Structure formats: structure tokens, C-alpha cells
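At position 66 of the sequence shown (counting the first as 1) the number is 66 in full-length UniProt numbering, and the numbers step up by one without a gap.
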Amino acid sequence: MTAVAPGVTEFAVGDEVLGFSLRRSSHATHAAVPVGQLIRKPAQLGWETAGSLYVAGVTAYAAVRAVAPQAGETVAVSAAAGGVGSLVVQLLALRGARVLGIAGPGNADWLRAHGVVPIAYGDGLAGRLRDAAPDGIDAFIDLFGPDYVQLAVDLGVAPERINTIIAFQKAGEVGAKTEGSMDASTPEVLAEMAGLIASGAVDFDIAATYPLDRVADAFAELERRHTHGKIVLLPTDSQ
1 MTAVAPGVTE FAVGDEVLGF SLRRSSHATH AAVPVGQLIR KPAQLGWETA GSLYVAGVTA
61 YAAVRAVAPQ AGETVAVSAA AGGVGSLVVQ LLALRGARVL GIAGPGNADW LRAHGVVPIA
121 YGDGLAGRLR DAAPDGIDAF IDLFGPDYVQ LAVDLGVAPE RINTIIAFQK AGEVGAKTEG
181 SMDASTPEVL AEMAGLIASG AVDFDIAATY PLDRVADAFA ELERRHTHGK IVLLPTDSQ
């Protein structure tokens, strides 16, 4: 915190905080943020984690909440090892769900280590999911695209137990949910996610960091879709 507006009493200059901006203004060294969108940064969180927690954290929270998982239920997740997916599968596991994580073979070990059944994407996916869940899949969280929403329907998942954060048109066609970051953008949700990560209950992986003047390189890596965890843009320039 480098400055506070007149009348702000919740924080002071020098406080360590994390939060979110609805103005998409975070690709910068400084940002003006309403006080109601900030929380105190837990001491256990590094700045790379604190600075990148908001979008992935609240999106994962919203997606899991949308499908209302119960202990013992089977939930499938597409893009299960990505920045959002890696949080989704852990939140589901904390709720006692059996999680089927759809991802590339290179992420299988990480998924297993976090209590997730890895399911390789690609041809034959529907069959692999049926084999892994012979009694059916109770809920489906899509983090990749419309084909997975249709797959969930084809597998017999009730539309109200399907949530996608990306395939909005397809969701409208089949009656699925589309809850994401804007549905959980509150300091309370952010504080809950920060607490889970700070306590070690949830792992939050940083895949790569880039200085601010290499933002194009950061997005190029993101578009390759092969990173596990978050790509973080640092508010500094290359030295």
C-alpha cells in the first residue's frame, strides 16, 4: 500500500494487501483499488501467489459452488491441471468428492498426488470417463470449451450440475450454468481462498514469471496451453 484516499481507515501506507480490480488495470506497477476490494495479505503468501490469486481463486470457488458437490459424488473437470483447474480439483477433493481430472498425460502424476483420478483427453475420452465412473458422473466443471459441455450432457449429467466458465453459448443451449469470477468477486471469498493456500490445505503453483516489459512473451506461453499453474506478470522491467 503506497497511498490511501482521505477517510480510509481500514488500511494504512505500508500495509501488505491483496485484492482485485474490476477495471482490468493490473498490468501495471500501481493500481487504484476501492477499499472494499482489498484484504490483508497473509504473511505466509509470497507476492507472486498473492498477486495472481484473485482470478484463478475466485473462479475456481464459483465453479465448484455452482455444481454443489457432495461427499462421495463423482465430479469431472476439464483442463484439470491448469491455473483454475488445479484449484478446482483440490476444492472438490476437500469437499469429499471423487474427482476425474481431464488433462494431458504429463499432468497425471500431479493429479494423482492431489487425490484426483487422471483421465487423458483426446479420442475415446467419453469411454475413458465411463470406465472410470461406471455408476455415472454427478457433476461436470468445464474450463476449456463447448465440446466438454456437450460431453457432459451426453454422459447424462443434469444441466444444473454442469458449469462452464467459457462456453457461454453452449451453456445457454443446454441449460448449463456459467458461474465464474464475477459471481464470487468478494473480499470474503478471496480471504477464504487465501487462507486455504496460506494454511497449506490447497497448493497454488506458479508455472512462470515474467517482467512487465515481457508481457507479450507471457501471453504467448499462456496461449500454448501447456503450463501447469499460473503465469505471473511481475510489476518490474527486465534488468
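Think of the CB as a built atom: it goes at the ideal place given N, C-alpha and C, for glycine as much as any other residue.
Computed from a predicted model, the values in this text were never measured in an experiment.
Check for me: the alpha helix (DSSP H) holding K41 runs from which residue to which?
Unbroken run through K41: none, as it is neither H nor E.
So, with DSSP's three-state summary, where would you put R128?
helix
If I measure Cβ to Cβ from S19 and keep anything under 8 angstroms in the same chain, skipping five residues before and after, which residues do I get?
What sits at residue 19 in the sequence shown is Gly, not Ser. V33, Q37, L38, I39, Y54, P187 and L190.
Sorry if obvious, but does the Cβ on N163 come closer than 7 angstroms to a heavy atom of the ligand NAD?
Only the bare structure without any ligand can be found here, which leaves the ligand NAD out of the picture.
Quick one: grab the DSSP three-state call for Y148.
helix
Taking the alpha carbon of E73 as the point to measure from, which residue in K230, V116 and A184 has its own alpha carbon closest?
V116
Which whole-angstrom value is the C-beta distance of V8 and V35, which I expect to be below 8 angstroms?
5 angstroms
Buried or exposed: which applies to L22, given that a residue is buried once 16 or more other Cβ atoms fall within 10 Å of its Cβ?
exposed
Is it buried or exposed, V215, if we count other Cβ atoms within 10 angstroms and call 16 or more buried?
exposed
Contacts around Q150, its chain only, beta-carbon distance under 8 angstroms, and the 5 residues preceding and following it disregarded:
K170 and V174
Tell me whether the beta-carbon of V67 lies closer than 8 angstroms to the beta-carbon of I165.
no
Taking only beta-carbon atoms, is H27 less than 8 angstroms away from chain B?
Here chain B cannot be found, since the structure has a single protein chain.
In or out: G229 buried (at least 16 other Cβ within 10 Å) or exposed?
buried
Could you please give the first and the last residue of the uninterrupted beta strand (DSSP E) stretch that includes F204?
No beta strand (DSSP E) holds F204; DSSP gives it neither H nor E.
Express the C-alpha separation of L155 and G136 in angstroms, rounding to a whole number.
8 angstroms
Out of L143, I102 and G145, point me to the one whose CA is closest to R128's CA.
I102
Tell me whether the beta-carbon of T227 lies closer than 8 angstroms to the beta-carbon of A208.
yes
Proximal residues to A62 (C-beta, below 7 angstroms), its chain only, five neighbours per side dropped:
E179, G180, S181, D183 and A184
Exposed or buried, T59, counting other C-beta atoms within 10 Å across all chains shown (16 or more means buried)?
buried
What does DSSP give as the partner residue(s) for V117 in the beta ladder?
L100
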